[in-house]
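Inspection log for the structure reproduced underneath, given as structure tokens.
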Amino acid sequence: MTVLPTAHWAVLGKTPQSLDDYDVIGSSTGALSKAEFSDWLKSFSSGTVEPKALPRVAASHFSRGGESWLGLSLQTKPESQDGFHRPYTMTWHVCLRWEQVSKTPISYRALYEALQRKDFSGESPFRLSLRDYDPPRLAGVANATARRAAALLLTGRPVCVVRAELPMEQRLDFLDAVAALLPYGMRSGLAVSTWTNSASRHRIRLSFAEVAPAHGAWELPWERDVPHDLPPEARLYEQELAQYEHDGLTRLIRRLAALGRPLDLDSETDRAEALMRVREHTAISLASSVKQVLPESLDSLARADEVRLHELNAHLSQALDRVTDDDRPAYRDIVKRNLTRLPDRLAGSPTTETFFGILLRLLYGPALHRHDLENLCLDLGGLREVPRPLARALKAASARCDPLVKLLITYLIGDAGMRQQLLSNMTVEELLHLIGRSRDATVLDSVLRELGGRGDRKEVAQQLHRHRYLVKPISACLGDAGMEHHRSILQLSRGRLLLPGDVKEIFEALDETPPQAFMLAIVAESGRGTGAALLSGLTAHALRQLGLEGPIKREIEDGLTRMTAPALTRALRSPRRLFGGRLPATTSSQTGRIRTVQDSLRRHFPTPLTESDVEAALDRLEHPAPLADLLAIMAESGPGTAPTLIYWLAHRAVAQLNSRLTAESLADIDQGLQRMTGPRRALPLVWRSHRGQA
Amino acid sequence: MTESEPAPDIAMWGASGSGKTAFLAALSIALNKAETNWKLVGENQASGAELIKLRNRLLDDRTFPDSTESLTYYNWLLIGPPEYHRQWWRPWRTQPGRAPRIRLDFLDPRGGLYAESQASVDKEALVSSLVRSRGLIYMFDPDRESRVGDAFKHLDSALNEVAAQMLAGNEYADGKLPHYIAVCITKYDDPRVLTLADRWGLTEPDLNDEMRIPRVAEDRAREFFHRLCRHGRSHNAEMIVDLIETYFHKDRVKFFVTSSVGMYIDERHRRFDPDDFLNVIDDPHRGLMIRGPVRPINVMEPVIWLGGMLSSRSMRSGR
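Taken in sequence, the protein lines are chains A and B.
For what it's worth, our numbering labels the leading residue of the first sequence as 1, then goes sequentially.
For what it's worth, our numbering labels the leading residue of the second sequence as 695, then goes sequentially.
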């Protein structure tokens, strides 16, 4: 298709024997005046002519009243002399409104050829018959010098190509190619010339010349790789362009030609946009090329075509660094749909291993994360099991992963040796971190086993204390089923039954009320006389949790002291005196509730409460028992009532965990309770009836 | 002048075709011919290349430079012979000192630019350069003046703008521009110019010159200029001398009668022939051609005078 836009024109020169200076001696009317043409052409002079510069073609731009123009001039060799016997040149200039030019890209070469066919006479604008914009041709001209010139233009400084012995048409094609490597909109502010005089101060940004101007312009020798210390913006742009050859470059030029919004080379923002646009194109083309190649790779894999798979691997690996996270879901979808089986013949092939290595990076990025492994099981589910090449690729990929993902990979590929080696190379601190991060029962088991095998118990104990006995991670991954793991931790930290001091220390390490499973683990692991420490620890956390301070806190602590005192002391004291007088209630709602329950207890029981009173009071509590109510009972309890409360608490915890406890665990809890509170009358605990059934 | 001091800028001033670029092209030839051991070199690659191109144009192509199309800057360095110093403790021996160097930053605009009334990028650059410069070479082309008569217009228009920028403040309390100005009557080799000088009795043979080329004595150059202005096509030209002496210090103005290519001398007789001295001939295909050897007249003198004035001034007052 040939474009036929309306062009305006002007001729700059002299008439034979004229004594006048150069000026516009003819022009079209209706758009720009002679003075405007004159201003335009003189402003964008390429400098004083010299014989080898002619004929000279230059493209320039002009603005008038908010309307932009793109023009092209041809300066021809002198054919006549002026009145001072001086030969003079003629400059033939055509121009188009940028509005027209931006809609349909036009090359300088097309404008030049159209200009040559025109007769510059009369006063009317004429229609130019322009050849189509030709990206393949431009791509063919865009050599390394053109790429560098385009990159250097993005520094905002002019570029001067030197040492180029080329015919004018070839120089014009080069200028076209450089402009084609930039967003098309940049032509709106780009002045180029096939030859400039470097001693002249001109406004040409890109030109050929004998030498470079003294200041401010880049000197670019023709087709010579001069190692410029390129500014970052130019280096990055050149690197982007360097990725394109042949058809790829044609596609890039086509895309750049579609970017017709005027861009100003003097504007840093606009120059940065050029780089952004090319990168955008790179990303899009890479993403689309991966989308095309990946199914073919999977097909080659299924057909056991190792040679083709090898070729495609090379293509895919080029895209690896360019793929963005936004592209990956589409690739995963392709793999899910197309990866069905791995032929036996490729099971031991290095090409297949390379393919899986590339696939892992395409699908999940340079480093695998935990969720990637979960996705991997879905995406590669078609394989049903992890084949050897994938296992090797995963093993290789694990080098770039964090320890937890490494460990999970060992499970995925079933490599116990690698797992053991990994764990044994880790410090206690790292192992405990692993548990904290994983919240995974399998990892927990492995790490606990590893910790159990470590010789340095003291360090293990210290680290476990620092990590708050891993109460939270274990609760998070196992919930109510975590009692045995809590017990394992307690055993690792002490290596014996807990003493009252141990229980105290453990509770001090915790930052919140421990879960029921942990409390039962303490019970099961406790030695003699630890009941008071347990109750004390639980009370301290309960007080903290409810934010109780002041008199009410002291009352509860006094109650705790009485509860843990021997039962005999009860007869020696006057219990009412201890509670003599009502204390003023605080504004706290929890305090209010405690006071209400206290009042109720006093109405129903003589205080301080005896063991049977405590038991009766506890039985009357609603389910689940509010913490405030328990504390109220404690505040009103008399000496020797602690075992009752401890049994009741254990009973309640067991009832909650119920089926998650084994018979052995229940027996251990029972024994632990006995050790904690001393030999006493067995309470009618419900869980006894479940023994052996859990 | 030391290298750290600002360089004197010398701007060329004159109408289109007055011979500004030809004058520059002849400068290095004049220096070579004078055997003064002064030489002209380019201070940068572009200026060096232009210097060679301009000289070759006259010497090899035997044509004149093309019309200047846009503001052109030549950064040249005039390097003189080293001065020899005697040492007081060994007065019989001399030792070469540092060669004098004069930086010549020439601004060569297209001629029409001076007369343009409307603002343009080039015009602004020209006026700004004139304001920054301290040396001017004003080229007066008697041939053009007799045929077009626009010398006054070219001088007056730009001079007004320069004066408006420089004299509006208090920096120059005496109301004069600080420039040194070498007023050069060009194309002395043109028979019409030489004939006028001869007719007005201003020429005299130079007895030191074996070729006996008639010269206008240095002290009569101003008078020649004045009479040429009155002889011109435009009556305004009469005011040019007044205009120059109104805007510039009288003692900073010097007149020179110049020719870039000089007279034709028949090598067989090596004497000026009043009937055959035309050195520029019109070739119907190539335009004006240089007939014989290039023998510039008064081309290096204005430049060396300006260079000397500017460097001594800058040494005295830091410009």
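Note that CB positions come from ideal geometry on N, CA and C, so glycine has one too.
Nearest Cα to Ser424/A within the set Val447/A, Leu408/A, Arg439/A and Leu74/A: Val447/A. Interface with chain B (8 Å Cβ-Cβ cutoff): Gln17/A is excluded. Listed in chain order, the alpha helix (DSSP H) runs fully inside the segment 334–393 of chain A are 350–364 and 370–379, counting runs of at least 4 residues. When Val428/A, Ala642/A, Cys477/A and Ala441/A are compared, the shortest CA-CA separation from Ser493/A is found for Val428/A.
Ala533/A is positioned such that its CB atom lies closer than 8 Å to that of Pro500/A.
Per DSSP, Val614/A is one residue of the alpha helix (DSSP H) stretching across Glu611 to Arg620.
A straight line joining the alpha-carbon of Asp379/A with that of Leu444/A spans about 26 Å.
Around the CB of Glu636/A, 16 or more other CB atoms lie within 10 Å, so the residue is classed as buried. Contact between Asp802/B and Met706/B is confirmed by a C-beta separation of about 5 Å, below the 8 Å threshold. The beta carbon of Gly156/A is closer than 8 Å to those of Leu265, Asp266, Glu268 and Arg271 in its chain, skipping five residues each way along the sequence. CA-CA distance, Leu41/A to Pro968/B, rounds to 45 Å.
Lys118/A has a beta carbon lying at 8 Å or more from every beta carbon in chain B. Non-local beta-carbon contacts of Ser722/B in its own chain, meaning distances under 7 Å to residues more than five positions away in sequence, involve Leu734, Leu745 and Arg749 in chain order. Within 9 Å of the CB of Arg804/B, the CB atoms of chain A belong to Asp21, Tyr22, Lys42, Ser45 and Thr48, in sequence order along the chain. About 6 Å separates the beta carbons of Ser526/A and Leu497/A, which is inside the 8 Å limit, making them a contact pair. By the neighbour-count definition (other C-beta atoms within 10 Å, threshold 16), Asn902/B is an exposed residue. For the C-beta of Lys747/B, the chain A residues within less than 7 Å are, from N- to C-terminus, Glu50. Leu937/B and Ser38/A have their alpha carbons spaced roughly 30 Å apart. Contact fails between the segment 29–36 of chain A and the segment 162–170 of chain A, because fewer than three Cβ pairs, one in each stretch, are under 8 Å apart. The beta-carbon distance between Arg163/A and Trp222/A, rounded to whole angstroms, is 5 Å. This is short enough to meet the 8 Å contact definition.
Using beta-carbon distances, Ala283/A does not count as an interface residue toward chain B, since no partner is under 8 Å. By the Cβ rule, the segment 57–71 of chain A counts as touching the segment 93–102 of chain A, because three or more pairs are nearer than 8 Å. At a cut-off of 8 Å between C-beta atoms, Arg64/A does not count as an interface residue with respect to chain B.
DSSP places Lys52/A outside any beta strand (DSSP E), giving it a letter other than H or E.
At a cut-off of 8 Å, the C-beta of Ser198/A has a neighbouring C-beta in chain B. Between Ile556/A and Met634/A, the C-beta gap is smaller than 8 Å, which places the two residues in contact. Scanning chain A for C-beta atoms nearer than 7 Å to the C-beta of Tyr767/B yields Ala199 and Arg201, reported in chain order.
CA-to-CA, the gap between His465/A and Glu238/A works out to about 57 Å. Setting aside the 5 residues that flank it on each side, Gln598/A is surrounded in the same chain by Ala632, Ala635 and Glu636, each with a C-beta closer than 7 Å to its C-beta; the list follows chain order. With a threshold of 16 other beta carbon atoms within 10 Å, Gly479/A falls short and is exposed. With the rule of 3 Cβ pairs closer than 8 Å, the segment 814–826 of chain B does not count as touching the segment 991–1003 of chain B. Taking Gly26/A as reference, the option from Tyr411/A, Pro125/A and Glu296/A with the minimal CA-CA separation is Pro125/A. When only Cα atoms are considered, Gln859/B and Pro899/B end up about 44 Å apart. For Phe942/B, there is no enclosing beta strand (DSSP E), as DSSP marks it with neither H nor E. 8 Å or more divides the Cβ of Phe62/A from the Cβ of Arg203/A. Around the beta carbon of Ala416/A, a 10 Å sphere encloses fewer than 16 other beta carbons of the protein chains shown; the residue is thus reported as exposed.
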